[in-house]
Structures are given as C-alpha cells and as structure tokens.
Amino acid sequence: MKPGILRFVLFAAFCVFVFGMNESVNAQKADAEILADAAAVKIVPASFYFAGQSAPTQMRNTAVARMGKDRHFIAGLVDTSGYSAEISGKYEGFVITDSPITIGGRDLATGAYGFGFSTDNKLHIFDLSSKEILVVETLNDKEIKRPRPLMMSVSADGVRFYKGKNYALVAAK
C-alpha cells in the first residue's frame, strides 16, 4: 500500500474513533430525564436521617433525575423544625445518588447527603453527621418565570439542580 493511502486510512480510522467517543459521551449526558411525580414518589424516601434525627420529606418539594439506564439522582427538602438552629440554618434537604456524579464540576461519590443552598451563591453538601464535605458555586437562571423551592431540569451538560433560581449542574461520571 502506498504511504499516502496508508496515512489517509489511518487518519480516517482515527477520526471515526474520536468522533464516536465524543458521541458516546454526549449520548450519556443526553440520556438524563426528570421523572414525573408519580414515578418519583416510588423512589423518594418518606423521611431522611441527618445529624442524629429523622425528618419527614416535603414530597411536593422533591425531584428525581434518571441518568442513563438505572442511575438516579434524588433530591428533596425536609421539615427541619426539630433540628437545632445550628443545623436547620444550613441543612435544607437531602440528595441521594446511586452512582458517582459531578456536581458543580466536583466529584461526589455514591451515597446519601444533606445539602443547603446559601445566600452567597453556594451549594453546601454534608455527610450524614453534618460535616461539610463539598462546596460549589451556584449559577442564577434569570429565565425562570416561576421558580419552585426545589426542582430539576435537563440541560445540554447534564441536570440542573435548582433551589429557586439558583442551580448547580449535576452530571453522570
């Protein structure tokens, strides 16, 4: 085979490989969907344990994203009235992920966590003992006409996890 033809064939094979990998990654991100309330109710826990107490979930303020075939990111607000002022001032709800994800560009392992959005445009993630393990910057979505206390929406880069108009981007790893 002539060197020019061999070079062309190798280049073409390389391009097919690179573009195929890119489409595979994009397909994984595009596979996210937000579950309807009826499907979400079957997945969201009725209460959540955090910092030594169990609090009821506010079912109207929950959201579930399916990322891929059987991977879920679950979030919900809880009734924090029974917690101390120190805990209820930072803890608003829970997130559960059954596979590793990135949130705000930072890695978060499989598990259950507490969370709180702060007024300085940050999302704080806590382990179940209330120790802060992750802080990410949030973005503000000025396009939302009627924000809900907690919601999710699919975007080109993953899932937007909202509290009001502020959100952090969640993506499958």
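In this note's numbering, the protein residues as written are 1038 to 1210.
Beta carbons: idealized from backbone N, C-alpha and C, even for Gly.
Bear in mind that the values here come from a model prediction, so they are computed numbers and not experimental data.
CA-to-CA, the gap between alanine 1088 and leucine 1165 works out to about 6 Å. Ranked by Cα distance from valine 1172, the first of Thr1156, Phe1110, Ser1125 and Tyr1120 is Thr1156. With fewer than 16 other Cβ atoms inside 10 Å of its own Cβ, valine 1078 counts as exposed. The three-state secondary structure of aspartate 1144, taken from DSSP, is strand. Valine 1191 has its alpha-carbon roughly 13 Å from the corresponding atom of histidine 1109.
According to the DSSP assignment, valine 1078 belongs to no beta strand (DSSP E) but to the alpha helix (DSSP H) extending over 1074-1078. For the options Phe1198, Asp1144, Thr1134 and Ala1146, the alpha carbon positioned closest to that of glycine 1153 is the one of Phe1198. Rounded to the nearest angstrom, the gap between the Cα atoms of alanine 1100 and valine 1115 is 13 Å.
Of the residues assessed, asparagine 1203 falls on the buried side of the cut-off, its CB having 16 or more other CB atoms within 10 angstroms.
A check of alpha carbon separations from alanine 1149 across Gly1141, Asn1158, Arg1143 and Ile1162 identifies Ile1162 as the nearest.
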